[in-house]
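Letter by letter, the sequence shown follows residues 1 to 170 of our numbering. Quick notes on the structure that follows.
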Amino acid sequence: MKKRDKKRFTEIMLGMADNFRDELSKPGLQFRFDALKEFSIEQVEVAAFKIIKARKYNKMPPVGEIVEAIQGPAPQIEDVAEIQAAEVIRQISPVGYYGCPVFSDPITDRLFQGRFRWQSVCSLAESELRWFVREFKEAYRAYNVVVETPRLEASGELKKLSENIGRVFN
């Protein structure tokens, strides 16, 4: 959205607030505008109508719900893992044992840099592929958790303290 869309955006949000018998503050409106500015005013309007027609709660929806109404629900990791396993199997024949597969998915690519070997997968009998798929999906989900989970950085004092754990002091 552009600055010129602010008036229409305010009308849409106030209409939603009225529908849900809720109130909006100026800072709240500005926050929502900033959070949704990557989308067009038309997308926001369509999402707003979609939400007011289907929402069963009587509170103003959070920004995340508006984003989901625009983009659709995020795919579940199990579904993505299944699709990626199918992509690996699909590449066996055209790429072959001596070839080098190219995976657009970064997790699949990473799994084939460490956990799985392409030649091993190509050598599997068709009856063994279902076991590979199961293992691949488990590894994919586990790796996704590791990659997606943010790590907290320890403070300088905590780092110094942890360096001395297990040392004997004289």
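Idealized CB from N, CA, C, for every residue including glycine.
Taking Cβ to Cβ, would you say residue i is nearer than 9 Å to residue j?
{"i": "I52", "j": "G15", "result": "yes"}
{"i": "I92", "j": "C122", "result": "yes"}
{"i": "M1", "j": "L24", "result": "no"}
{"i": "F32", "j": "V63", "result": "Residue 32 is actually Arg in this sequence, not Phe. Yes. Within cutoff."}
{"i": "I66", "j": "L36", "result": "yes"}
{"i": "E87", "j": "T108", "result": "yes"}
{"i": "D22", "j": "N58", "result": "yes"}
{"i": "V55", "j": "F20", "result": "Here residue 55 turns out to be Arg, not Val, going by the sequence shown. Yes, they are a contact pair."}
Assuming residue i and residue j form a contact by the criterion Cβ under 8 Å, report the distance between their Cβ atoms to the nearest whole angstrom.
{"i": "K137", "j": "E82", "result": "6 Å"}
{"i": "Q119", "j": "D105", "result": "So it is not a contact: roughly 20 Å between Cβ atoms."}
**Item:** Segment contact, 8 Å Cβ cut-off, at least three pairs: the region 61-75 with the region 42-50
**Value:** yes
**Item:** Contained alpha helix (DSSP H) runs [length at least 4] in the region 81-155, N- to C-terminal order
**Value:** 106-114, 118-122 and 129-148
**Prompt:** Do the region 99-118 and the region 129-148 touch if we need at least three Cβ pairs shorter than 8 Å?
**Reply:** yes
**Prompt:** Which full runs of the alpha helix (DSSP H) of 4+ residues lie inside the region 15-62, going along the chain?
**Reply:** 26-36 and 41-54
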